[in-house]
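Structure, rendered in structure tokens:
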């Protein structure tokens, strides 16, 4: 069943199936259990898949490409941030070596260690 899900996702990139999600746009309306109680009371309804549901609807390639592009941009920004933080820490370490005073660096309320 798991292999079928992975195949039906049509992902070109590598991904971890243990931590990945698939949006409800890939499923038919009949693939979800109905929560009649919440529907009738006007409460928020959490969509829950039926036991044998598989992703059967494909999304337009443009949307899939845009989502992959957004993900790669997030990864690139994260890597750039890490490089900037390492450079800042290195600068302060060099400054500390030139001075007898200790300099403490706090970036975004997080302590970073660069090797």
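Residue numbers (the working numbering): 9 to 123.
Backbone N, C-alpha and C define an ideal beta-carbon position, used for all residues, glycine too.
Because the structure is a prediction, the values reported are computed rather than measured.
- Message: Closest to residue 59 by C-alpha separation, out of 47, 48, 77 and 39, would be which residue?
- Response: 39
- Coil, strand or helix - residue 22 by DSSP: coil
- List the endpoints of the continuous alpha helix (DSSP H) containing residue 38. Neither: residue 38 is in no alpha helix (DSSP H) and is coded neither H nor E.
- If you drop the 5 nearest sequence neighbours on each side, which residues of the same chain put their C-beta closer than 7 Å to that of residue 82? none
- Proximity below 8 Å, CB of residue 35 to CB of residue 57: yes
- residue 31 - containing alpha helix (DSSP H), residue span: Careful: residue 31 lies outside any alpha helix (DSSP H) and carries neither H nor E.
- Pick from 86, 94, 97 and 61 that is closest to residue 9, judged by C-alpha positions: 61
- So is residue 25 buried or exposed if we call it buried at 16+ other beta carbons inside 10 Å? exposed
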